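Input: a single structure, listed below in structure tokens.
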Amino acid sequence: MRSHRHVLIIACFCCLLFSSVLPTRVQKASKKHLARVKQLLNSEVQRHNALIQSDSVDDFDNIRRNPNAGTHHDELAVNNADEYFQGDVDLSEQQVKIIEDQFVEGKREKRKIGRNPLYKKWDSRGGPISFDYAESIPFQTRQKIRSAMLLWQQHTCIRFEEGGPNVDRLEFFDGGGCSSFVGRVGGTQGISISTPGCDVIGIISHEIGHSLGIFHEQARPDQERHIAINYNNIPLSRWNNFQAVGENHAETYNLPYDTGSVMHYGAYGFASDPYTPTIRTLERIQQSTIGQRAGPSFLDYQAINMAYGCTEHCPDLPCLRNGYPHPNNCSTCACPEGLSGRFCEQVYPSNGQCGGVIFATKEVKYITSPNYPDKFPLNTECNWIIAAPIEGRVFMEFEGDFDFLCEDTCDKAYVEVKYHSDKRLTGARFCCSLLPKNRFISFKNEMVIIMRGYRSTGAGFKAKFWSNLGEPEGVITPMPPTTAPLPEITEEPQPETTTTLSPTTTATLPRRVSKKHLFIRKSLTPVPTTTQTPATTTTETTTTFTTESITTTSPTQPTFVTGETEITTASTAATFFPTLSTILPPVNPLAGVLPSTQAPDIINSVLECGCGSWSEWQGECSQQCGGCGHRLRKRECKKQACRKEEKRPCNFSACPDGTNFLINNSEFHILWRGCCVGLFRSGDQCSALETESNPFFKIINSLLNIQDAKNNDTLIAKRMMRGEH
0 MRSHRHVLII ACFCCLLFSS VLPTRVQKAS KKHLARVKQL LNSEVQRHNA LIQSDSVDDF
60 DNIRRNPNAG THHDELAVNN ADEYFQGDVD LSEQQVKIIE DQFVEGKREK RKIGRNPLYK
120 KWDSRGGPIS FDYAESIPFQ TRQKIRSAML LWQQHTCIRF EEGGPNVDRL EFFDGGGCSS
180 FVGRVGGTQG ISISTPGCDV IGIISHEIGH SLGIFHEQAR PDQERHIAIN YNNIPLSRWN
240 NFQAVGENHA ETYNLPYDTG SVMHYGAYGF ASDPYTPTIR TLERIQQSTI GQRAGPSFLD
300 YQAINMAYGC TEHCPDLPCL RNGYPHPNNC STCACPEGLS GRFCEQVYPS NGQCGGVIFA
360 TKEVKYITSP NYPDKFPLNT ECNWIIAAPI EGRVFMEFEG DFDFLCEDTC DKAYVEVKYH
420 SDKRLTGARF CCSLLPKNRF ISFKNEMVII MRGYRSTGAG FKAKFWSNLG EPEGVITPMP
480 PTTAPLPEIT EEPQPETTTT LSPTTTATLP RRVSKKHLFI RKSLTPVPTT TQTPATTTTE
540 TTTTFTTESI TTTSPTQPTF VTGETEITTA STAATFFPTL STILPPVNPL AGVLPSTQAP
600 DIINSVLECG CGSWSEWQGE CSQQCGGCGH RLRKRECKKQ ACRKEEKRPC NFSACPDGTN
660 FLINNSEFHI LWRGCCVGLF RSGDQCSALE TESNPFFKII NSLLNIQDAK NNDTLIAKRM
720 MRGEH
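Residue numbers (numbering that gives the first Met the number 0): 0 to 724.
Structure (structure tokens):
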């Protein structure tokens, strides 16, 4: 009998505890503490600025903003940088302390996806991530938030549930800017989506990416191998925004640096002179690629899939062109942009009179945007694969009129050239009306061309291409249908590549090595092209770049014609993926039904309640101090089981010393250092939930497991359920 009484007391106490704590949003670190961390970072940059990128520093004055280009809109254009870490990242007080301790310990090394102890992933075994909307989020913005969530759901195993039961949850609110914590911080953590300003699907997907654990791409450890930072054009107080993250805080999963990541800064962030970039890509032709806010890139999705082990249940598939088993359908491959098919063996379908697979020979052929030189239709999408003979290369140059919507970052209307052998990498994007003068040469025998025409129309582009080899000899074996068993093929040794950039770690986070690739000779169905015999050419000077890890067996790298003196530089890029082989070991035919997880095309909601609007908050706070009290508001709902009342905590001033209990207004609360249990004291205020620093909460949490409560149809479980419907 006594044990039952103890259980009842604990249950009632936890009910009071969680009803007080759940609605409380995790508080950001104070401006004073945040400023202190930034100053530490600024001092670090100052001490080492002479060494940073010493092998790649150049004159930024020769790169000037196109005066006709519109300013690309992103979160930095909305936010007050003084209020955030790295431009749009929120930190808790506990995280600030950990960062400061890292400086004291002198441990500074650099990596991308959040790692303990500073940043945490969500528990993938705990079901969907619960989320809510604050009343400050208007209906139209909620629809965009759902659209951004769907992007992550459709390409990863992450799921979201509006009004779900989990204590650790997201709440979208209008905090006057665009911001998020990185990873899971515990309790109700906010994602600020201000309207107007942040209500853009690309920006929202950026902030959701932070909440899932992704850092900014330019903060990777190999930053200096891919970009140069123009500190001369950045106020000293903003230098901290370009620092790479610490050794214990992130993981790259051996994924390559992606200039097309939705998590990458644009070229002019925090610039003192708005016509001079603060970031320059070492591959100059990638300058207009960085900073896109259209949506997550292929590598952004892959980072989350690897971090959360989304494909661990999938068998190996012979995915071509750097694809990998799709986390929501293990029988097919997730393919880089511009590619499709079960094994990424096909070009992605175009929606106009364009696109297809074209075989390149020594004869010059042409591709153009639809209707060229007249305007292409709005929302045009074109995708081409240009393939040379197996040992050949594809050469391409633009000519004639060139006309697209003009912005600093090309993410609405542009043409993209994917010349790398790793097709996951975003290619060089070009927009505006300045004809690119480069000659592009593929790293291997394929080049992917992508054209997008969103938001506006224009003349588009015309490009000529050819190969250094002629028609292949012998019979070319066609690619088998996707329903046919895969043929057996022979194995070829793969050259060794190594990297010494980062020390080996023993982290327990999921890891995955990029797959080798199957290459099957296949017939290529050409699309209509025009041909001509190449005219006699004059000698051209070239500038040669290499951006992938090169071995003694690697082919010559692309040449870009710039009209400057020939400069050849050795590759300094680290190897973040194995050197690609053209063949795999024999593959067994796929048998049976492979695992699949349906990616919902809607965001789940606990109940379809048909509720009306909430009333105004009613009455005074039920308690005078400690953050234990609440105010009430109500609404009418069609279904009896729906939540018709909502309580909001109030009066967060700490109670006088020596006050251990509050008993009034039919409420009973236990205090911890003058604050309601579940909150912690910061000065004379009671702040949000910090599970790591509140020993009392740890004790209570150990007595009643949240997952057990979810499965128990009791008053306790119902009181813990939250959601707006």
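Yeah, the Cβ is synthetic: ideal placement off N, Cα and C, and Gly gets one too.
Given the structure is predicted, the values throughout are model-derived calculations rather than measurements.
- Rounded C-beta distance between residue 210 and residue 169? I'm assuming under 8 Å. 6 Å
- Message: Going by DSSP in three states, residue 142 sits in which element: helix, strand or coil?
- Response: helix
- residue 750 - DSSP class collapsed to helix/strand/coil: Outside the modelled stretch of the chain, which goes from 0 to 724, sits residue 750, for which no answer is possible.
- Query: Pick from 673, 614, 649, 465: whose alpha carbon is nearest that of residue 23?
  - Reply: 649
- Task: Return yes when the Cβ of residue 363 is within less than 7 Å of the Cβ of residue 446, no when it is not.
- Result: no
- Could you tell me whether the stretch 251-262 touches the stretch 176-194, where touching means 3 or more Cβ pairs closer than 8 Å? no
- Buried versus exposed call for residue 458 [16 or more other C-beta atoms within 10 Å across all chains shown]: With 16 or more other Cβ atoms within 10 Å, it is buried.
- Which of helix, strand or coil does DSSP assign to residue 125? helix
- What residues in its chain sit with their C-beta under 6 Å from that of residue 231, if we drop five residues either side in the sequence? none
- Item | Range of the contiguous alpha helix (DSSP H) that encloses residue 670 | Where residue 670 is concerned, there is no enclosing alpha helix (DSSP H), although the beta strand (DSSP E) it sits in stretches over 666-671.
- Item | Cβ pair residue 74, residue 202 closer than 7 Å | yes
- Run the CB neighbour count on residue 667, radius 10 Å, all protein chains shown included, and call it buried at 16 or more, exposed below. exposed
- If you follow the beta strand (DSSP E) that residue 333 is part of, which residue opens it and which one closes it? 328-333
- Task: Evaluate residue 138 with the Cβ neighbour count: other Cβ atoms within 10 Å of its Cβ, from every protein chain shown; 16 or more gives buried, anything less gives exposed.
- Result: exposed
- Note down, in chain order, each residue of its chain lying with its Cβ closer than 7 Å to the Cβ of residue 140, except the 5 sequence neighbours on either side. 192, 194, 198
- Task: Just grab the DSSP bridge partners of residue 238 for me.
- Result: DSSP output for residue 238 lists no bridge partner at all.
- Message: Beta-carbon within less than 6 Å of residue 415's beta-carbon, same chain only, minus the 5 sequence neighbours each way: which residues are those?
- Response: 426, 428, 449
- Can you grab the Cα-Cα spacing for the pair residue 732 / residue 118, in whole Å? With the chain represented from 0 up to 724, any question about residue 732 goes unanswered, as that position is not in the structure.
- Query: Looking only at its own chain, which residues have a Cβ that is under 6 Å from the Cβ of residue 39, when we skip the five neighbours before and after it?
  - Reply: So the qualifying residues of the chain are 102.
- Message: With a threshold of 7 Å between beta carbons, is residue 336 in contact with chain B?
- Response: Absence of chain B from the displayed structure is noted, only one protein chain being present.
- State buried or exposed for residue 46, treating a residue as buried only when at least 16 other CB atoms are found within 10 Å of its CB. Counting Cβ neighbours within 10 Å, residue 46 comes out exposed, since fewer than 16 surround it.
- Local conformation of residue 266 per DSSP, three classes: coil
- Please list, in chain order, all residues of the same chain as residue 337 whose beta carbon is under 6 Å from its beta carbon, the five residues on each side excluded. 347, 382, 447, 449
- Could you tell me which residues DSSP puts in a beta bridge with residue 617? 631
- Comparing alpha-carbon positions, which option in 244, 217, 271, 250 lies nearest residue 237? Cα-wise, what sits closest to residue 237 is 271.
- Message: Quick check: what's the CA-CA separation for residue 225 versus residue 623?
- Response: 56 Å
- Query: For the alpha helix (DSSP H) that contains residue 205, what are its first and last residues?
  - Reply: 200-211
- Message: Tell me the DSSP secondary structure of residue 394 in three-state form.
- Response: strand
- Message: Helix, strand or coil, according to DSSP, for residue 102 in the structure here?
- Response: helix
- Message: Rounded to the nearest angstrom, what separates residue 242 and residue 630 at their Cα positions?
- Response: Taking the straight line from one Cα to the other gives about 43 Å.
- Under a Cβ-count criterion, where at least 16 other Cβ atoms within 10 Å of its own Cβ denotes burial, should residue 219 be classed as buried or exposed? buried
- May I ask you to list the residues that DSSP assigns as paired with residue 302? In the DSSP output, where bridge partners are listed per residue, residue 302 has none listed.
- Under the rule that 16 or more other beta-carbon atoms within 10 Å means buried, what is residue 154, buried or exposed? With a 10 Å radius around the Cβ and a threshold of 16 neighbouring Cβ atoms, residue 154 comes out buried.
- Message: Can you list, in chain order, the residues of its chain with a C-beta nearer than 6 Å to that of residue 159? Leave out the 5 residues immediately preceding and following it.
- Response: 127, 128, 130, 148, 602
- Item | Closest by C-alpha distance to residue 404, when choosing among 157, 71, 455, 283 | 455
- Item | Three-state secondary structure (DSSP) of residue 24 | When DSSP states are grouped into helix, strand and coil, residue 24 belongs to the strand group.
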